[in-house]
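Structure record follows, encoded as C-alpha cells.
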Amino acid sequence: MSEEPANNSFGILKSLKKLIFEDSPEPFVSEVQPIAAQSAAETKTGENVTKNPQTNLTQNTSDLPPTDVKQMKIKVLEILERINEPGLDFFEVWNAAAEMGSVNAGSIKAAFTSLKYVDKTLDKDKLIRTGQNYAAELQKVIDKETSQKQLQKENVEQNQVAEKANLSAEIQRLEQNIDELREKLGSRQKELKEINSKYEPQLQDIDAKIAIGNTAVAEVITDIKNALNIIETNIN
C-alpha cells in the first residue's frame, strides 16, 4: 500500500496495533466496522463506500495468510494515523478503548465517557460522522491502490497472453519441423536400405567390363606371342 503524507502523526496507535496480533485473524481492517452502526456505506458527503468485493476493505479474507493480513492492517492503521483530524473524535475514542485491552461496547463507552470530559463537543453524532469519514478516506486509498494494481495485473495478463501466443506459434513451428525431419529421416533410412541395390548393377557392370577388357587384352597378347613365336621359328 502506498504511503500517505504525514498529518498529526504521534504514534498513538500502539494499542490498536498490539490488538491486531493478540486477536484471532479478523477481516481486513475489521476495527473500522463499529463506525458503521447507523450507515456503514455513507460518508460525510453522502457518497457510498464501494461494495465491490475486490476492493471493499471489509471483504472476506479467510483464505488469505493471516500474518500477511495482519501486517497490511498495521500499514492501514498508519495511514489512518496520518489522516487523523485535530481534536478528539472517533479516532481517539477507538484507540483509547484499545488501550483497555479490547475494543468492545464496554471499553468504547468508557473511553467516550472519559474523553468527553476533555472535549465537550464530543458526542455520538461526532463519533459516527468522523468514524464514517475515516472509513471513507481509507476506502479511497484502497480504491486508488486497487486501480493501480488492476492496471498492473492487466499488463501482466497482456504479457502472459502475448508470450503464450509466441510460445504456441513456436511450438507449432517446431512440431512442423519435427514432422518434416521425421519424414526426411524415413526417406533417408529407406535410401540407405536401398543403397546396395542402387549401386550393385553399376558395380557389376564395371566388374564385367574390367573382366572383359582384361580377357580381351590377355587373348590379344597371347595372339601376339603366338605370332612372335612363329616369326622366331620360321623367319631367318
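The sequence shown: position 104 = 1316 (the working numbering), numbered continuously. By construction, the Cβ of each residue, glycine as well, lies at the ideal position given by its N, Cα and C atoms.
Should residue i go down as buried or exposed, given a rule of 16 or more other Cβ atoms within 10 Å for buried?
i: N1345; result: buried
i: A1374; result: exposed
i: D1419; result: exposed
i: D1335; result: exposed
i: A1249; result: At A1249, the pLDDT of 32 sits below 50, so the modelled position is not reliable and the matter cannot be decided from this model.
i: A1348; result: buried
i: I1442; result: exposed
i: A1295; result: According to the sequence provided, residue 1295 is Ile. The question's Ala does not apply to it. Looking at its Cβ environment, which holds 16 or more other Cβ atoms inside 10 Å, I1295 is buried.
i: D1301; result: buried
i: N1264; result: At N1264 the pLDDT is 37, less than 50, meaning the model places this residue with poor confidence; the figure from the coordinates comes in the next sentence. With fewer than 16 Cβ atoms within 10 Å of its Cβ, N1264 is classed as exposed.
i: E1387; result: exposed
i: E1412; result: exposed
i: N1426; result: exposed
i: N1307; result: buried
i: E1293; result: buried
Output needed for residue i: all residues of its chain with C-beta closer than 6 angstroms, excluding positions within five of it in sequence on either side, in chain order.
i: F1324; result: V1305
i: E1392; result: none
From which residue to which residue does the alpha helix (DSSP H) around residue i run?
i: S1359; result: K1336 to K1405
i: N1296; result: Segment: none, N1296 is in no alpha helix (DSSP H) and carries neither H nor E.
i: K1328; result: A1317 to K1328
What distance in whole Å lies between the Cβ atoms of residue j and residue i, which are believed to be in contact at a cut-off of 8 angstroms?
i: I1291; j: V1353; result: 6 angstroms
i: T1342; j: F1303; result: 7 angstroms
i: L1289; j: L1228; result: 6 angstroms
i: G1299; j: D1331; result: 6 angstroms
Among the residues of its own chain, which have a CB less than 7 angstroms from the CB of residue i, if the five just before and after it don't count?
i: A1309; result: V1315, S1319, I1320 and A1323
i: A1423; result: none
Grab me the residues of residue i's own chain with a C-beta within less than 8 angstroms of its C-beta, minus the 5 sequence neighbours each way, in chain order.
i: T1445; result: none
i: S1326; result: A1308
i: S1409; result: none
Could you check whether the Cβ of residue i sits closer than 8 angstroms to any Cβ belonging to chain B?
i: I1443; result: Here chain B cannot be found, since the structure has a single protein chain.
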